[in-house]
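Data first, discussion second: the structure below is written as structure tokens.
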Amino acid sequence: MSAIYKAGDMVPLTPRDGAPMVSRMGFGGAPLGNLYKRIDEADAQAALDAAYAGGIRYFDTAPQYGLGRSEYRFADALGRFGRENVSLSTKIGRLLLDCGPDEVTPEAFVDVPRKRIVFDYSRDGVMRSWEASKHRLRVEKVEILYIHDLCVFSQGSQEASDAATAQLFDEGGYDALQELKAAGEIGAVGVGVNEWEICERLLRRADFDAFLLAGRYTLLEQEALNSFLPLCVEKGAGIILGGPYNSGILATGPMEGAHYNYAPAPQHILDKVTKMQAVCKAHDTPLIAAALQFVLGHPAVRSVIPGGVSAAEVETNVALLSRAIPAALWSDLRSEGLIHPDAPVPA
Numbered sequence: 032m033s034a035i036y037k038a039g040d041m042v043p044l045t046p047r048d049g050a051p052m053v054s055r056m057g058f059g060g061a062p063l064g065n066l067y068k069r070i071d072e073a074d075a076q077a078a079l080d081a082a083y084a085g086g087i088r089y090f091d092t093a094p095q096y097g098l099g100r101s102e103y104r105f106a107d108a109l110g111r112f113g114r115e116n117v118s119l120s121t122k123i124g125r126l127l128l129d130c131g132p133d134e135v136t137p138e139a140f141v142d143v144p145r146k147r148i149v150f151d152y153s154r155d156g157v158m159r160s161w162e163a164s165k166h167r168l169r170v171e172k173v174e175i176l177y178i179h180d181l182c183v184f185s186q187g188s189q190e191a192s193d194a195a196t197a198q199l200f201d202e203g204g205y206d207a208l209q210e211l212k213a214a215g216e217i218g219a220v221g222v223g224v225n226e227w228e229i230c231e232r233l234l235r236r237a238d239f240d241a242f243l244l245a246g247r248y249t250l251l252e253q254e255a256l257n258s259f260l261p262l263c264v265e266k267g268a269g270i271i272l273g274g275p276y277n278s279g280i281l282a283t284g285p286m287e288g289a290h291y292n293y294a295p296a297p298q299h300i301l302d303k304v305t306k307m308q309a310v311c312k313a314h315d316t317p318l319i320a321a322a323l324q325f326v327l328g329h330p331a332v333r334s335v336i337p338g339g340v341s342a343a344e345v346e347t348n349v350a351l352l353s354r355a356i357p358a359a360l361w362s363d364l365r366s367e368g369l370i371h372p373d374a375p376v377p378a
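When we follow my numbering, the leftmost residue of the sequence shown carries the number 32, and every step to the right adds one.
Here it is, written out as structure tokens:
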């Protein structure tokens, strides 16, 4: 039995000619925006260095992450790595506007620049956001530019999500992204959200290269197999899978205080994870390793981005991705009804 995956294995984002390359494991920049807690600059750079040393070559960030702080930190690391040696993505959809001390938009980031966030998916919003990101990242192009947070989860209601989507198409935002791609400033146009349903609606409406989907195709959740993921295969769209641990429970197991989908895990989730953990234990495999590798079994999933706040966490994730897992573990999860009967598994 040998390992199937390595963090640094490079694969094309899509089967299309000229598609950007991404590493099987990516590095997500939200924690380095001081998500929930302050990260010292030295620790942030150490985490980035550990990712690069571990073979990771795909790095994702966004203006929202620390209201620009994550992008600035990435820029410093890119200076060490060499821009030509990594694939990079950032996002549009939020403008960071100067504001007074009483106008700061509440966010989950601490010790950040004083900015007010405004959603804007229009042509003007796309171009302003892109120019600002280029300045913060100190780059002239990125491999992927994502449309960020059109989903109900982030917009707050279906009505708001529909309005943001309408602005994207009716006010020139989508066209602007395609023009940037044609000009060579971005290699691929993607969508970064927390819900697969809007990804499917968008992919049925227009052409997209990739989706950064957070937490909605995991060892716990495979509803996207019924329609969205087959559509991605049909259309040639790649998936970057964020949140493979479903906010933590697939990393920690069903311990007291375990989190699922950004909240304390409900009892039915705790019960299911308890059963999964027992199967993993029977095969001498950590649950966290099974959760990390499972998502890559689907042909549309090109890269997985687990959270990593410190160098130690990054190194742990890199090691878990290359841990050999017996095929019988996947068979037992399926036979016990713990994963979708048609879920493809690593092989």
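Quick reminder that beta carbons are idealized off the backbone N, C-alpha and C, glycines included.
Short of 8 angstroms in beta carbon distance, which residues of its chain neighbour residue i, apart from the five on each side in sequence? Order them along the chain.
| i | result |
| --- | --- |
| PHE105 | GLY60, LEU63, LEU79, PHE90, THR92, LEU119, LEU168 |
| LYS68 | VAL141 |
| GLY338 | GLY59, ALA61, PRO62, GLY274, TYR276, GLU344 |
| VAL143 | GLY64, ASN65, GLY97, LEU98, GLY99, ARG100 |
| ALA359 | HIS314 |
How would you write the range of the alpha helix (DSSP H) that residue i sits in, first residue to last?
| i | result |
| --- | --- |
| PHE200 | 189-201 |
| PHE105 | 100-112 |
| VAL220 | No alpha helix (DSSP H) holds VAL220; the beta strand (DSSP E) holding it covers 220-224. |
| ILE229 | 227-236 |
| GLY131 | Run containing GLY131: none; DSSP gives neither H nor E here. |
| GLN209 | 204-213 |
| LEU66 | Per DSSP, LEU66 belongs to no alpha helix (DSSP H) and is neither H nor E. |
| LEU360 | 358-366 |
| GLU346 | 342-352 |
| ASP80 | 72-84 |
Could you tell me the alpha carbon to alpha carbon distance between residue i and residue j, rounded to whole angstroms?
| i | j | result |
| --- | --- | --- |
| ALA342 | SER185 | 29 angstroms |
| PRO297 | ILE280 | 11 angstroms |
| VAL183 | ALA139 | 18 angstroms |
| ALA313 | THR305 | 13 angstroms |
| THR283 | ALA294 | 14 angstroms |
| PRO377 | GLU134 | 48 angstroms |
| TYR36 | SER258 | 26 angstroms |
| LEU323 | LEU352 | 7 angstroms |
| ARG47 | GLY267 | 7 angstroms |
| GLY288 | GLU202 | 44 angstroms |
| PRO51 | LEU176 | 12 angstroms |
| ILE336 | GLY57 | 5 angstroms |
| ASN116 | LYS303 | 41 angstroms |
| LEU301 | PRO285 | 5 angstroms |
| ALA194 | VAL264 | 28 angstroms |
| ARG354 | ALA321 | 9 angstroms |
| GLY131 | ALA73 | 29 angstroms |
| SER188 | LEU318 | 34 angstroms |
| THR136 | TRP361 | 44 angstroms |
| LEU414 | TYR83 | Residue 414 falls outside the range modelled here, since the chain spans only 32 to 378, and no answer is possible. |
| VAL349 | ALA108 | 19 angstroms |
| SER164 | ALA191 | 25 angstroms |
Excluding the five sequence neighbours on either side, which residues of its own chain have a C-beta within less than 7 angstroms of the C-beta of residue i, listed in chain order?
| i | result |
| --- | --- |
| HIS371 | GLN253, LEU256 |
| SER54 | ALA38, GLY39, ASP40, MET41, GLY86, ILE87, ARG88, TYR89, SER334 |
| GLN209 | VAL220 |
| GLN198 | TYR152, SER153, GLY204 |
| ALA237 | TYR205 |
| VAL157 | ILE123, GLY204, ALA207, LEU208 |
| GLU346 | ALA81, GLY85 |
| GLU174 | PRO51, SER118, LEU119, SER120, GLY218, ALA219 |
Let's see if you can read the secondary structure: which residues bound the beta strand (DSSP E) around residue i?
| i | result |
| --- | --- |
| MET52 | 52-54 |
| MET41 | 41-43 |
| ALA241 | 241-245 |
| THR121 | 118-123 |
| TYR89 | 89-91 |
| SER334 | 332-336 |
| GLY57 | 57-59 |
Excluding the 5 residues preceding and the 5 following residue i in the sequence, name in chain order all residues of the same chain whose CB lies nearer than 6 angstroms to its CB.
| i | result |
| --- | --- |
| ALA245 | ASN225, GLY273, GLY274 |
| LYS212 | VAL220 |
| LYS172 | GLU216 |
| PRO375 | GLY328, HIS329 |
| THR249 | PRO275, ASN277 |
| VAL332 | ILE270, LEU272, VAL326 |
| ALA75 | LEU63, ARG104 |
| GLN95 | ARG125 |
Check: What beta strand (DSSP E) runs, 3 residues minimum, are completely inside the segment 138-189?
Finding: Those beta strand (DSSP E) runs which fall completely within the segment 138-189 and span 3+ residues are 146-150, 175-179.
Next item on the list: Enumerate, from N- to C-terminal direction, the unbroken alpha helix (DSSP H) stretches of 4 or more residues contained entirely within the segment 250-322.
Entry: Runs of the alpha helix (DSSP H) inside the segment 250-322: 259-266, 280-283, 298-313.
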